[in-house]
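Okay, so here's the structure we're looking at.
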Amino acid sequence: DVKVTQSSRYLVKRTGEKVFLECVQDMDHENMFWYRQDPGLGLRLIYFSYDVKMKEKGDIPEGYSVSREKKERFSLILESASTNQTSMYLCASSLGRDRDNSPLHFGNGTRLTVT
Amino acid sequence: SQQGEEDPQALSIQEGENATMNCSYKTSINNLQWYRQNSGRGLVHLILIRSNEREKHSGRLRVTLDTSKKSSSLLITASRAADTASYFCATPWGGSTLGRLYFGRGTQLTVWP
């Protein structure tokens, strides 16, 4: 089974801090994604990557950046955390060969609170 | 936007009953996927139905797709308390082959013992 591991389940940070959310997958997937999930808004795509060192903006990239130095690892960076970035962050991965028909495999999420 | 929208937002049933959730989307798709999310956890892929399929089964799950109405339904038969979760439909982002998906806001299903 594919395993997508997010480094923290819960995280509390202060406003203005730089925050790193780490995600690792163990199935050699080409595609990796970062979503945030908020009540009433569903899942919204922040950034995604379809290859090492490649990144594409999703629907809400403002205030975030990403890094993909290795195929298995996709990091989400909050350059200067703000309270409106308090949310559940979900990482996912999928095979690249048949991209539109590949299901996403999700991690268990990181619940980030910015105070 | 191709974002799918689930209906109803919340559904409460007794064990043994069937649960039906619907999803509507806006533009042409080549597949539609359903996911499940237990409280506080990540999403788990349930089933994928391609645009040239009308119905697909997986265990107690039955998914239909009507491309003319741009809608899909997920039926869970003989529901169990363990089926309590949120259910999401997801559609590929139009014009992209990069695997990104749009998710609806989900249906919260509660199954009472």
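These protein sequence lines are chains G and U, in that order. FYI, in our numbering the residues of the first sequence are 1 to 115. FYI, in our numbering the residues of the second sequence are 1001 to 1113. Glycine is no exception: its CB is placed at the ideal position from the N, C-alpha and C atoms.
| field | Those residues which DSSP pairs with U/Ala1078 across a bridge | value | According to DSSP, which records beta bridges pairwise, U/Ala1078 is partnered with nothing at all.
| Contact with chain U by G/Gly96, beta-carbon distance below 9 Å | yes
| task | Below 8 Å CB to CB, which residues in the same chain sit around U/Glu1006 once its five sequence neighbours on both sides are set aside? | result | Met1021, Asn1022, Cys1023, Tyr1087, Phe1088, Cys1089, Gly1104, Arg1105, Gly1106, Thr1107
| request: Please check the pair G/Ile77 and G/Phe20, which I expect to be a contact at CB under 8 Å, by giving their CB distance rounded to whole angstroms. | output: 6 Å
| chain U residues whose Cβ lies nearer than 7 Å to that of G/Leu76 | Ordered by position in chain U, no residue passes the 7 Å Cβ test against G/Leu76, which lies about 15 Å from the chain.
| query | Does the Cβ of G/Arg9 have 16 or more other Cβ atoms within 10 Å, making it buried, or fewer, making it exposed? | reply | exposed
| Where do the ends of the beta strand (DSSP E) carrying U/Pro1092 lie? | 1085-1092
| field | Near-chain U residues of the stretch 2-21 of chain G (beta-carbon distance less than 9 Å), N- to C-terminal order | value | Val4, Gln6, Arg9
| query | When you compare each of U/Thr1027, U/Asn1018, U/Val1063, U/Arg1036 to G/Leu43 by their alpha carbons, which one comes out closest? | reply | U/Arg1036
| query | Does the beta-carbon distance from U/Arg1054 to U/Asp1066 come in below 9 Å? | reply | yes
| message | So G/Val4 and G/Ala92 are supposed to be a Cβ contact under 8 Å. How far apart are they, rounded? | response | 7 Å
| query | Which first and last residues belong to the beta strand (DSSP E) in which G/Ala81 is found? | reply | Element bounds for G/Ala81: n/a, residue is neither H nor E.
| query | In chain G, which residues lie less than 9 Å from U/Gly1106 when you measure between Cβ atoms? | reply | Gly42, Leu43
| query | Would G/Thr110 pass as a contact of G/Lys13 if the rule is Cβ separation under 9 Å? | reply | no
| task | Give a yes or no on whether the minimum CB-CB distance between U/Leu1048 and chain G is below 9 Å. | result | yes
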